[in-house]
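Number of protein chains: 2
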Amino acid sequence: MLRGGSTGIIALGVPDVSSPYFAEFLAHLVREAERYAWRVLVHIIPDSRASDRLLRQGIRQHQVDGLIVSPLSFSGDLDAREDSTPLVILGERAAAARVDSVGIDDAAATRAATAHLAEVGCRRIAVLAGRRSSGGGAFPTRLLGYRQALKTAGLALDEQLVIPTEAERRADGHSAMTALMLRDGPPDGVVCANDLLAAGALRALLAAGRRVPQDTAVVGLGGTEGGAFFTPTLTSVHQDKAQIARLALALLKRRTTHPETSGSQALQVPFRMVVRQSTAGAGRAVPAPHQDIRPPLEP
Amino acid sequence: MLRGGSTGIIALGVPDVSSPYFAEFLAHLVREAERYAWRVLVHIIPDSRASDRLLRQGIRQHQVDGLIVSPLSFSGDLDAREDSTPLVILGERAAAARVDSVGIDDAAATRAATAHLAEVGCRRIAVLAGRRSSGGGAFPTRLLGYRQALKTAGLALDEQLVIPTEAERRADGHSAMTALMLRDGPPDGVVCANDLLAAGALRALLAAGRRVPQDTAVVGLGGTEGGAFFTPTLTSVHQDKAQIARLALALLKRRTTHPETSGSQALQVPFRMVVRQSTAGAGRAVPAPHQDIRPPLEP
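Rendered as structure tokens:
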């Protein structure tokens, strides 16, 4: 797309803007974008095809100064983009993609969550691993972190405890957890790919009369605001959404100001375990807090 | 603002896009706006002054085809708008404002929530009434409905149980409920102006060892998705956010197509009580479901 100067508008492309993670991120992004006099337009990505199309073709019919996208997959070859709009990917970038990105280390985050459950004494740890993306994406890296943590803790891997979910909403967590409880040898700990899945899993466990954390401990990923108000309160791997927004905007600004910049940057933002009642209430030991894992930001 | 044809962009102005109510509404709005080939830009209104400014002056520096705004107050005189962008207000319009609006009947919704608590046997019903807006807005209409329901149920009004909150987030509900519990004669039922306040109130009650609903029943307003996954699950007055989005867009489209249309429309969308465990669990009677209150839509 030929560009005739700034439009003052950037677009955020996300699978589900009603998800607390993205809603909180959007609130930060809108506020932080004011520094650049950018307004934020919301684009919803219903499926992998739409995700791929957005990455390849951009927002059609509308000129925007930049795109910030949390893709459902990296199945497309980003080198084949037909759109020249500056782009920043949320999440770890696929290794081959030459595009700017900001995210957390998903393998390390899932490893920390799994290790935490092992530390509080869980021996059969399940993972509600979220959407099985068609290429790249967080699913395989999450599984990697889960497996690494089991190995370090000396726990056997039981593939029956690895549960992909169709979507990543509360109802998906609820049905996955309900199915898990019906099996022989149900889990005594569950790592959830986001806090919504964790909310659903918690509800399924408590409705079935299981005690959390005594019978089953639950940890989420994302650290959204609601978890502090669940009963029991939710342990989660917290991500600094304001920082992710700031860095995504800074990358986008650099790219719009210097479109000729070659190479790309993959920034990682630190995360931290926020330990609450869902893993560390009565009957479970409270482990020493994990050290924040802070990979150095690339220059 | 002189307008040189369509921009294909409308703006949604809300106080807090990370609030589940607005996040869910936004998701519906973005999807429904596709029918009109409109993209949605998000504008955050941090305070009453910003709210007033948005209504008077519109989105400065950006032409948009229309504005959908959930104002923090109606303190401004809408007749004095300096901006000609088509406008739809979310919520009941101030009586004097000649502007299109879509909302629910806030007095009737609060009345239904309060009456429901009286029906399950509550005798000291508090209301976390939300932000005390500077002019018009939902605060006085909510109080009106609360008072009407108390009167109908033959319950005395105790002004000590009417609690305005600074904002309408979980932490506000938590601190308001904590303060209420410290008083002589704490409430046995609480109506909350939204589900976030209810989440905070629930957490405060349960953390203090109060049983919900046996000791204190809790009802929210808004019917956001998370309430079905709280423990106990949350009774709430459900609003059809997809329908509100559809009607707001239809009004906006009419106004953009026929800017000369005189008069304005105030559409009301029905609501319904969704009764769950926070009011109707063990120890509380489950009342017959309330009839949906469906005021006729204006032509």
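Chain order of the listed sequences is A and B. Position 218 of the first sequence, counting from 1, maps to 218 under my numbering, and the rest follow consecutively. For any residue, its number in my numbering is found by taking its place in the second sequence, counting from 1, and adding 1000. Every residue gets a Cβ at the ideal spot worked out from N, C-alpha and C, and that includes glycine. No experiment lies behind these values; they were computed from the predicted model shown.
To the nearest angstrom, how far is it from the Cα of residue i to the Cα of residue j?
{"i": "R142 of chain A", "j": "P15 of chain A", "result": "18 angstroms"}
{"i": "A1149 of chain B", "j": "C1192 of chain B", "result": "15 angstroms"}
{"i": "A179 of chain A", "j": "L1251 of chain B", "result": "45 angstroms"}
{"i": "T1152 of chain B", "j": "A1023 of chain B", "result": "35 angstroms"}
{"i": "Q1291 of chain B", "j": "G1091 of chain B", "result": "Only weak support exists for where Q1291 of chain B lies, its pLDDT of 44 falling under 50; the coordinates are left without a value."}
{"i": "E159 of chain A", "j": "P20 of chain A", "result": "29 angstroms"}
{"i": "L1132 of chain B", "j": "R131 of chain A", "result": "Rather than Leu, the amino acid found at residue 1132 of chain B in this sequence is Arg. Cα to Cα, the separation comes out at about 43 angstroms."}
{"i": "T1256 of chain B", "j": "H116 of chain A", "result": "56 angstroms"}
{"i": "A300 of chain A", "j": "S175 of chain A", "result": "Beyond the ends of chain A as shown, which are 1 and 299, falls residue 300 of chain A; an answer cannot be given."}
{"i": "E1260 of chain B", "j": "Q61 of chain A", "result": "28 angstroms"}
{"i": "S18 of chain A", "j": "S1084 of chain B", "result": "30 angstroms"}
{"i": "L247 of chain A", "j": "P71 of chain A", "result": "17 angstroms"}
{"i": "Q1214 of chain B", "j": "D1195 of chain B", "result": "20 angstroms"}
{"i": "R294 of chain A", "j": "E82 of chain A", "result": "At R294 of chain A the pLDDT is 43, less than 50, meaning the model places this residue with poor confidence; the figure from the coordinates comes in the next sentence. Rounded to whole angstroms, R294 of chain A to E82 of chain A spans 35 angstroms at the Cα level."}
{"i": "A1113 of chain B", "j": "T114 of chain A", "result": "42 angstroms"}
{"i": "A171 of chain A", "j": "Q1057 of chain B", "result": "42 angstroms"}
{"i": "E273 of chain A", "j": "S264 of chain A", "result": "With the sequence shown as reference, residue 273 of chain A is identified as Met, and Glu is not the correct amino acid for it. The straight-line gap from Cα to Cα measures roughly 29 angstroms."}
{"i": "R1210 of chain B", "j": "A107 of chain A", "result": "40 angstroms"}
{"i": "P1140 of chain B", "j": "R1169 of chain B", "result": "19 angstroms"}
{"i": "Y146 of chain A", "j": "R276 of chain A", "result": "20 angstroms"}
{"i": "M1181 of chain B", "j": "L1157 of chain B", "result": "18 angstroms"}
{"i": "L87 of chain A", "j": "R203 of chain A", "result": "38 angstroms"}
{"i": "S1006 of chain B", "j": "H258 of chain A", "result": "31 angstroms"}
{"i": "M177 of chain A", "j": "R1111 of chain B", "result": "38 angstroms"}
{"i": "D1052 of chain B", "j": "A208 of chain A", "result": "49 angstroms"}
Does the distance from the CB of residue i to the CB of residue j come in under 8 angstroms?
{"i": "L161 of chain A", "j": "V127 of chain A", "result": "yes"}
{"i": "L55 of chain A", "j": "H43 of chain A", "result": "no"}
{"i": "A80 of chain A", "j": "L221 of chain A", "result": "no"}
{"i": "I89 of chain A", "j": "V64 of chain A", "result": "no"}
{"i": "T235 of chain A", "j": "L1206 of chain B", "result": "no"}
{"i": "R1039 of chain B", "j": "I1059 of chain B", "result": "no"}
{"i": "V269 of chain A", "j": "I104 of chain A", "result": "yes"}
{"i": "S73 of chain A", "j": "G137 of chain A", "result": "yes"}
{"i": "L1267 of chain B", "j": "A1033 of chain B", "result": "no"}
{"i": "S262 of chain A", "j": "T233 of chain A", "result": "no"}
{"i": "Y36 of chain A", "j": "K241 of chain A", "result": "no"}
{"i": "S25 of chain A", "j": "A167 of chain A", "result": "According to the sequence as given, residue 25 of chain A is Phe; it is not Ser. Against a cut-off of 8 angstroms, the Cβ pair of A167 of chain A and F25 of chain A comes out as no contact."}
{"i": "R123 of chain A", "j": "D184 of chain A", "result": "no"}
{"i": "L41 of chain A", "j": "L1012 of chain B", "result": "no"}
Pull up the CB-CB distance for residue i and residue j, whole angstroms please, since I reckon it's below 8 angstroms.
{"i": "A1280 of chain B", "j": "V1102 of chain B", "result": "Contact flag wrong, Cβ pair sits at about 30 angstroms."}
{"i": "I1125 of chain B", "j": "L1155 of chain B", "result": "7 angstroms"}
{"i": "P1186 of chain B", "j": "A1129 of chain B", "result": "Their Cβ separation, rounded to whole angstroms, is 17 angstroms, which puts P1186 of chain B and A1129 of chain B out of contact at 8 angstroms."}
{"i": "T216 of chain A", "j": "V237 of chain A", "result": "Incorrect: roughly 18 angstroms between the Cβ atoms, too far for contact."}
{"i": "L67 of chain A", "j": "V99 of chain A", "result": "Not quite, the Cβ-Cβ distance comes to about 10 angstroms (not below 8 angstroms), so this is no contact."}
{"i": "Q1243 of chain B", "j": "F1271 of chain B", "result": "Q1243 of chain B to F1271 of chain B, Cβ: 10 angstroms. No contact."}
Any heavy atom of the ligand PLP closer than 7 angstroms to the CB of residue i?
{"i": "L128 of chain A", "result": "Looking for the ligand PLP in the displayed structure turns up nothing, as the structure carries no ligands at all."}
Just the chain C side, please: which residues come within less than 8 angstroms of residue i by C-beta, in chain order?
{"i": "G8 of chain A", "result": "Although the question refers to chain C, the structure presented lacks it and instead comprises the protein chains A and B."}
Exercise. Between the stretch 1193-1206 of chain B and the stretch 1223-1233 of chain B, do at least 3 Cβ pairs fall closer than 8 angstroms?
Worked result: With three or more CB-CB distances shorter than 8 angstroms, the stretch 1193-1206 of chain B counts as touching the stretch 1223-1233 of chain B.
Exercise. Can you list the alpha helix (DSSP H) stretches of 4 or more residues lying completely in the stretch 1188-1224 of chain B, in chain order?
Worked result: 1195-1207
For this session: Report yes or no: do the stretch 1019-1030 of chain B and the stretch 1047-1054 of chain B share at least 3 C-beta pairs separated by less than 8 angstroms?
Result: No, the stretch 1019-1030 of chain B is not in contact with the stretch 1047-1054 of chain B.
For this session: Enumerate, from N- to C-terminal direction, the unbroken alpha helix (DSSP H) stretches of 4 or more residues contained entirely within the stretch 1012-1063 of chain B.
Result: Given a length threshold of 4 residues, each whole run of the alpha helix (DSSP H) inside the stretch 1012-1063 of chain B is given here in chain order: 1020-1033, 1048-1057.
Exercise. What runs of the beta strand (DSSP E), each 3 residues or longer, lie entirely inside the stretch 82-170 of chain A?
Worked result: 87-90, 100-103, 125-130, 162-164
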